[in-house]
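Here is the structure we will look at, set down as structure tokens.
Residue numbers (the numbering used here): 12 to 227.
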């Protein structure tokens, strides 16, 4: 009869301790990914995009570099994934204040506040790493940078405004609908300063509203 292999208590204790000292041995799939993406967010806040490294992220997430590179081969892809996760956890509230102007101001104020939270350095760093690509392709963020998402929000705001008699949607071209978001994006790409509330009001009062009111 084959003799059953006996496990010595000390061997079992060593095995348990080894597992406890290696968090990556217990984390798999989404659990590990969430830890990595949270580590990226924290690293961005502490060291910035320029000084963020895969090694630093792996160390903070208590994992190894291959676990990071296997999922995100490039730093920019890793940062984008982290931003997507952070932003997807925030509810997008479409303003409906009873006034087109106030709806637009609320929307753009919230958008610029989110961008400030991400940081100009991060946004510019991502654009530099994706030179030659469209922002809507390289930065698919749920902050209005996606053309489909921003157009959906703007259409809802304008539909509400049309119901109040403020605009005539049939006479407003798609290029005008996307204009506020495009101008905010332009500001981000061409300046290294946070977008001020005064600049937001200029976009709404001096550029966008005259165009849509001419459609009546």
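Glycine included, C-beta positions come from ideal geometry on N, C-alpha and C.
_I'd like to know whether the C-beta atoms of residue 79 and residue 47 end up nearer to each other than 7 Å._
yes
*Closer than 6 Å by C-beta to residue 72: which residues in its own chain qualify, once you throw out the five before and the five after it? Chain order, please.*
46, 47, 50
*Taking residue 116 as the reference, give the member of 56, 201, 168, 52 with the closest Cα.*
168
*Report the three-state DSSP secondary structure of residue 87 (helix, strand or coil).*
helix
*Just the C-alpha distance for residue 185 and residue 70, rounded to the nearest angstrom, thanks.*
46 Å
*When the Cβ atoms of the region 128-139 are set against those of the region 59-67, are three or more pairs found closer than 8 Å?*
yes
_CA-to-CA distance, residue 177 to residue 224, given in whole angstroms_ = 7 Å
*Would you say residue 119 touches the ligand ATP, meaning its beta carbon is less than 6 Å from a heavy atom?*
Here there are no bound small molecules, and the ligand ATP is not part of this structure.
*Sorted by chain position, which residues of the same chain lie with C-beta nearer than 6 Å to residue 194's C-beta, five sequence neighbours on each side aside?*
214
_Going by beta-carbon coordinates alone, are residue 199 and residue 119 separated by less than 7 Å?_
No, they are not a contact pair.
_For residue 67 and residue 162, the rounded distance between their alpha carbons_ = Distance between the alpha carbons of residue 162 and residue 67: 37 Å.
*If you check the beta carbons only, do residue 114 and residue 123 fall under 7 Å apart?*
Cβ atoms of residue 114 and residue 123: not closer than 7 Å.
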